[in-house]
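In what follows, a structure is listed as structure tokens, so that the remarks can point back to it.
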Amino acid sequence: NAGVTQTPKFQVLKTGQSMTLQCAQDMNHEYMSWYRQDPGMGLRLIHYSVGAGITDQGEVPNGYNVSRSTTEDFPLRLLSAAPSQTSVYFCASSYISEYGYTFGSGTRLTVV
Amino acid sequence: AQSVTQPDIHITVSEGASLELRCNYSYGATPYLFWYVQSPGQGLQLLLKYFSGDTLVQGIKGFEAEFKRSQSSFNLRKPSVHWSDAAEYFCAVGFSGGYQKVTFGIGTKLQVIP
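The following block contains the structure:
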């Protein structure tokens with residue numbers, strides 16, 4: 001099925017550990033984004049990319065790193081996990097921003 | 001900076017009743033506006049979008065929304081709610097010029113009672 005695939009679906013980390021959340025899309029979308037969703041705060045943009053090799057910071061980038069070596073993949077790296085990074089993370093992609101995003105099913109991350 | 005307000009955090013409606021979810025935005029120029037729906041444990045799905053043309057837009061699942069520039073609003077409506085519409089709904093706004101940094105509202109959780 002065409003769409004945005006996120007792995008893993010669930011993850012528990014200890015404080016200080018690092019990990020990579022994977023995101024892949026097969027729709028040849030140029031634009032990809034990472035959001036975090038927290039209760040009462042909606043979705044907040046972490047990082048985004050407008051094409052392979054081009055990334056930029058969003059609203060809440062601290063503690064996260066991204067790279068975009070291919071059109072299909074846009075991994076999100078947590079450098080040193082903190083309890084404040086406990087959240088649900090969504091990857092999204094779009095062909096043209098005005099058309100809206102296709103979202104992945106999310107990764108629920110707990111940092112203890 | 002652009003912002004989105006969804007004043008109702010939680011709404012309960014009876015099955016078969018009409019629905020209106022409110023969304024107000026703050027932005028200087030004509031925005032791009034979206035409504036998304038999120039079922040429990042799922043990602044967000046695009047319901048409808050507006051970026052030009054007719055201010056009344058139709059979406060999937062029988063939803064529609066009307067852009068009112070004078071009121072800076074983009075309210076979502078459905079004439080008759082089904083139990084399967086129970087979900088959380090997010091309004092979002094973006095602006096033109098390359099990549100849109102889309103801003104999302106905090107969401108409205110819809111409960112449908114028999």
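Top to bottom, those sequences are chains A and B.
Mind the numbering: the first sequence is residues 1 to 112 in our numbering, read in order.
Mind the numbering: the second sequence is residues 1 to 114 in our numbering, read in order.
No residue lacks a Cβ here, since even glycine has one placed at the ideal position from N, Cα and C.
Owing to the predicted nature of the structure, the values given are computational and were not obtained by experimental measurement.
Please determine if the stretch 18–32 of chain A and the stretch 65–82 of chain A are in contact, where contact requires at least 3 C-beta pairs separated by less than 8 Å.
Segments in contact, yes.
What residues of chain B sit near A:MET19, judged by a beta carbon separation below 9 Å?
Result: empty, since nearest Cβ-Cβ is about 20 Å, beyond 9 Å.
State the CB to CB distance for the pair A:THR107 and A:LEU43, rounded to an integer number of angstroms; the pair is presumed to be in contact (CB under 8 Å).
No, A:THR107 and A:LEU43 are not in contact; Cβ-Cβ is about 14 Å, not under 8 Å.
Against B:LYS49, what residues of chain D qualify as contacts under a CB-to-CB distance less than 8 Å, listed in chain order?
Absent from the structure: chain D. Protein chains present are A and B.
Going by C-alpha to C-alpha distance, which of B:PHE67, B:GLY105, B:PHE74 and B:LYS109 sits closest to B:SER84?
The shortest C-alpha separation from B:SER84 is found at B:LYS109.
Are the beta-carbon atoms of B:GLN42 and B:ILE60 separated by less than 9 Å?
Against a cut-off of 9 Å, the Cβ pair of B:ILE60 and B:GLN42 comes out as no contact.
Indicate whether at least one CB of chain A lies closer than 9 Å to the CB of B:GLN45.
Yes, because at least one Cβ of chain A sits closer than 9 Å to the Cβ of B:GLN45.
Please classify A:ARG77: does DSSP put it in a helix, a strand, or coil?
A:ARG77: strand per DSSP, three-state reduction.
Taking B:ILE11 as part of the beta strand (DSSP E), name the residues at either end of that continuous run.
Residues 10–14.
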